[in-house]
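Each residue of the sequence shown is one higher than the one before, counting from 1 in my numbering. Input: a single structure, listed below in structure tokens.
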Amino acid sequence: MSTTILEMIFDYALNKFDDCRDRLEAGRPKFISVLNKFVKEGARIEMSLPAFPFKSANKVYKVLGFLPDKAEEIALARLDNMCRRIEEIYIPGAKVVLISDGLVYNDLLSISDRDTWLYGEALREMAAENGFTHIGFSRLRDLVDLELPETLDEIHYVANATNFRRSVLNRFGRDDLDVNSLIASDEDTRLTYQGYRRFLMSDLRETKYLAKQMLVRGYNRAPNTSLCK
Numbered sequence: 001m002s003t004t005i006l007e008m009i010f011d012y013a014l015n016k017f018d019d020c021r022d023r024l025e026a027g028r029p030k031f032i033s034v035l036n037k038f039v040k041e042g043a044r045i046e047m048s049l050p051a052f053p054f055k056s057a058n059k060v061y062k063v064l065g066f067l068p069d070k071a072e073e074i075a076l077a078r079l080d081n082m083c084r085r086i087e088e089i090y091i092p093g094a095k096v097v098l099i100s101d102g103l104v105y106n107d108l109l110s111i112s113d114r115d116t117w118l119y120g121e122a123l124r125e126m127a128a129e130n131g132f133t134h135i136g137f138s139r140l141r142d143l144v145d146l147e148l149p150e151t152l153d154e155i156h157y158v159a160n161a162t163n164f165r166r167s168v169l170n171r172f173g174r175d176d177l178d179v180n181s182l183i184a185s186d187e188d189t190r191l192t193y194q195g196y197r198r199f200l201m202s203d204l205r206e207t208k209y210l211a212k213q214m215l216v217r218g219y220n221r222a223p224n225t226s227l228c229k
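Given below as structure tokens:
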């Protein structure tokens, strides 16, 4: 059963590189081990994905505004459909929790905290309106210990945005993190860095520095999120 479920997940992978299948196969033993735990317990498969931070800052060539549009709707539908397919063969089903990492990077990209909040709220409304019941959402507040109201609103979100970022860096930051060394020696880090730079080339200037800062913050967040929890 775990193998069949994993093949379904692989079907929805974004084949961005020529060796994507090889990369997926390299992770097969780990994924099978995780899936086996869910299947053995007869539990719903819980997956998490850091994604959907905000719209591009380039509103001239890339996007029309700062709110989710048809692109997000298609992406959410794809994830929801993946879970529905799994549910057809595995009764407990599956769920993807989207961890919005917008506040990790938005200040580097000149995107306001308010726009980041409004994007996230609109994304949640889109999922509800379209019946994407296999998708959940999480925020940085779930990873840090801050005294906040149980129900977060725009005022508290924006007022504490800097505190969220500082808490993540203080709690998970690494003083010994040498980004330049990792880019030179670790292929995954190098590819992530190059991906950031390609993205930034069409959004902002000074992409080399910003891409490295995004890596630093990404490493701080990464230990707390995974594709399969």
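Beta carbons: idealized from backbone N, C-alpha and C, even for Gly. Quick caveat: nothing in here was measured; it's all calculated off a predicted structure.
Item	Value
On a Cα-Cα basis, can you pick out the residue from 112, 53, 121 that is closest to residue 162?	112
Given 8 Å as the limit, is there contact between the stretch 24 to 39 and the stretch 96 to 108, that is, 3 or more CB pairs closer than that?	no
Nearest CA to the CA of residue 42: which residue from 90, 21, 49, 85?	90
Closest to residue 142 by CA distance: which of 154, 108, 97 is it?	97
Using 8 Å as the Cβ pair cut-off and three pairs as the minimum, do the stretch 137 to 151 and the stretch 166 to 176 touch?	yes
Using 8 Å as the cut-off, can you tell me whether the stretch 77 to 95 makes contact with the stretch 1 to 12, which would need three or more C-beta pairs spanning the two stretches below that distance?	yes
Short check: CB of residue 188 to CB of residue 56, under 9 Å?	no
For residue 124 and residue 58, what's the separation of their Cα atoms in angstroms?	23 Å
Answer yes if the stretch 118 to 138 comes into contact with the stretch 177 to 196, meaning at least three C-beta pairs across the two stretches below 8 Å, and no otherwise.	no
Can you look up residue 56 in the DSSP assignment and give me helix, strand or coil?	coil
By the three-class DSSP mapping on this structure, what secondary structure does residue 201 have?	helix
What does the alpha-carbon distance come out to for the pair residue 86 and residue 77?	14 Å
In its own chain, which residues sit with a C-beta less than 7 Å from the C-beta of residue 185, not counting the 5 before and 5 after it?	none
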